[in-house]
Amino acid sequence: MLFKQSFHEKFNLAATLICHAPGRVNIIGDHTDYNDGFVLPAAINFGTDIAASRREDDYVKVIALDCNQEFVEFSIEDIQFDERYSWSNYVRGVLQVLKQAFPQIRGANLLVSGNVPQGAGLSSSASFEVAVLKTFSELYQLPLDGIKAALMGQSAENNFVGCNCGIMDQLISAMGKQGNAMLLDCRSLTFEDAPIPEGIGLFIVNSNVKRGLVDSEYNLRREQCEQVAAYFKKSALRDVSLSELEAAESMLDPVLFRRARHVVTENLRTEAALACFKNADMAGLGQLMRESHESLKSDFEVTTKELDGLADMLNEVLGDSGGARMTGGGFGGCVVALSPINQLHVLQKTIDELYSKIFGLSADTYVCSIEQGAFRVI
Ligand code: GLA
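Each residue of the sequence shown is one higher than the one before, starting from 12 at the first, in this note's numbering.
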């Protein structure tokens with residue numbers, strides 16, 4: 012209600028709708044999406060809200076409540092990259108893609124507000140993109156489903172914003188199901204819901220390490236994976252088995268070998284995790300999460316000492332009752348844990364007592380619920 016009121020104050024007319032798209036946490040399966048592999052993320056109770064009304068002209072007018080109420084306007088007939096208000100490139104990029112697919116769309120007034128911690132690896136940008144897509148699909152009654160919307164968000168990010176990300180973040184923001192994680196096949200874009208076992212909670216710790224070199228290191232990892240796939244004459248590492256890879260070890264550069272080993276083993280772990288969800292096997296799931304972290308640390312080399320320290324602290328408390336690992340792209344950001352709800356306070360206490368003492372930084376912690384994606388119907 013307050014949000015609608017702010018819209019009225021800013022634009023001097025009534026908002027016709029409010030749309031929401033969630034951020035995400037990835038429970039297992041990192042750096043596998045752009046290798047046509049498997050991921051297992053969940054949509055969380057942090058996201059982006061947009062209040063909107065249609066315009067009769069071709070202008071899009073946007074106010075970003077959380078960025079000092081900055082205001083941008085542009086015509087959808089001539090969409091340019093914005094160096095000054097970089098947040099607006101998510102709107103611009105999405106509308107460029109959307110306009111190509113649906114030339115009938117016209118302008119809109121948008122008021123945007125989000126609470127996904129930025130730069131924490133919880134997909135604030137994907138949630139923004141999907142929220143814009145949902146808003147326009149409602150404003151203009153577009154025949155747009157969640158998979159198409161996710162592909163459009165990814166295309167905007169790859170081709171307009173300039174980040175070479177995979178499909179995971181946009182797809183879970185669009186198609187996640189409340190109370191469930193999702194095993195997603197990033198090649199076929201088919202998915203299966205993975206129910207969170209009874210009595211299990213989701214705990215996220217932001218290491219608050221300022222992420223450095225994220226884009227360049229991310230793109231480098233992606234190239235390294237593509238090189239190994241090309242060596243095997245396969246379109247993606249998804250098609251290389253562990254035995255094939257191991258048999259070729261002496262022929263491959265050791266760094267490339269380790270990069271590929273992470274991806275190949277992470278795919279196996281991620282598929283195995285689905286069975287653990289279905290059987291409420293927390294010991295099995297915890298083990299897979301710990302192995303995933305170790306592989307991201309030693310083979311893929313995208314963790315930091317803070318992420319390693321946080322995962323160790325949490326895993327030590329959890330034992331067989333759950334598991335913790337870094338989540339997302341790495342080089343800073345968050346650790347995710349699945350834990351019995353009645354243990355969450357012990358995890359919290361552990362972080363409070365140890366993290367700043369050891370690393371000289373304070374961590375932010377969130378107990379998250381798992382929410383519905385913006386385009387998910389049932
Ligand atoms: C970032 C990207 C995703 C994915 C993860 C790593 O979040 O946006 O597409 O590659 O890193 O799993």
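Positions of the beta carbon are idealized from the N, C-alpha and C atoms, including for glycine. Please read all numbers here as calculations on a predicted model, not as lab measurements.
In or out: residue i buried (at least 16 other Cβ within 10 Å) or exposed?
i	result
Phe390	Outside the displayed range of the chain (12 to 389) lies residue 390, so it cannot be described from this structure.
Ala390	Only positions 12 to 389 of the chain appear in this structure, which leaves residue 390 out of reach.
Asp41	buried
Gly173	exposed
Phe82	exposed
Met163	buried
Leu253	exposed
Val266	exposed
Asn290	exposed
Thr201	exposed
Asp47	buried
Lys145	buried
Asn37	buried
Ile39	buried
Asn79	exposed
Gln107	buried
Met262	exposed
Asn170	exposed
Gly371	exposed
Ser166	buried
Asn369	The identity of residue 369 in the sequence shown is Ile, whereas the question assumes Asn. Classification of Ile369: exposed, given that the 10 Å Cβ count is below 16.
Ala205	buried
Ile352	exposed
Ala385	buried
Roughly how many whole angstroms lie between the Cα atoms of residue i and residue j?
i	j	result
Glu67	Leu28	16 Å
Lys308	Leu24	52 Å
Ile207	Val71	40 Å
Gly177	Arg232	12 Å
Ser148	Pro154	7 Å
Ser373	Val127	18 Å
Glu4	Ser184	The structure shown does not extend to residue 4, since the chain is modelled only from 12 through 389, so no value can be given for it.
Phe288	Leu365	30 Å
Glu255	Gly297	27 Å
Gln103	Ser227	The question names Gln, but residue 103 in the sequence shown is Arg. Using only the alpha carbons, I get a separation of about 23 Å.
His356	Asp264	45 Å
Met300	Lys110	41 Å
Met12	Ile55	22 Å
Arg117	Glu312	45 Å
Ala348	Arg270	24 Å
Lys15	Gly333	41 Å
Ala240	Asn278	15 Å
Phe243	Leu194	26 Å
Gly212	His304	19 Å
Glu203	Arg280	16 Å
Arg387	Ala161	12 Å
Cys236	Gly320	27 Å
Glu302	Ala53	20 Å
Trp98	Gly58	15 Å
Leu121	Phe85	12 Å
Ile74	Asp89	19 Å
Ser246	Ser306	23 Å
Ala322	Arg249	27 Å
How many whole angstroms separate the CB atoms of residue i and residue j, which I take to be in contact at a CB cut-off of 8 Å?
i	j	result
Asp310	Met179	In fact, because the Cβ distance is near 19 Å, the residues do not count as touching under 8 Å.
Tyr101	Ser64	Not quite, the Cβ-Cβ distance comes to about 20 Å (not below 8 Å), so this is no contact.
Ile61	Ala192	26 Å between Cβ atoms; not a contact.
Gly187	Gln383	6 Å
Leu76	Ala284	In fact, because the Cβ distance is near 37 Å, the residues do not count as touching under 8 Å.
Ile381	Gln189	6 Å
Pro33	Ser124	About 14 Å separates the two Cβ atoms, so there is no contact after all.
Phe49	Glu234	Contact flag wrong, Cβ pair sits at about 21 Å.
Gly132	Cys345	5 Å
Glu140	Glu94	At roughly 19 Å, the Cβ-Cβ gap does not stay under 8 Å, so Glu140 and Glu94 are not in contact.
Asp363	Asn217	Wrong, their Cβ atoms sit about 14 Å apart, outside the cutoff.
Val220	Gly343	4 Å
Met337	Thr314	5 Å
Phe268	Leu358	35 Å between Cβ atoms; not a contact.
Would the C-beta of residue i count as close to ligand 3, meaning under 8 Å from any of its heavy atoms?
i	result
Ile39	Because ligand 3 does not appear in the structure shown, any question about it cannot be addressed here, the ligands present being ligand 1.
I'd like to know if residue i contacts chain B, where contact means its C-beta is closer than 9 Å to some C-beta of that chain.
i	result
Leu372	Among the chains of the structure shown, chain B does not appear; only one protein chain is present.
Chain-ordered list of residues that sit, by beta carbon, closer than 5 Å to a heavy atom of ligand 1: Asp41, His42, Asp44, Cys176, Gly177, Met179, Asp180, Gly339, Gly340
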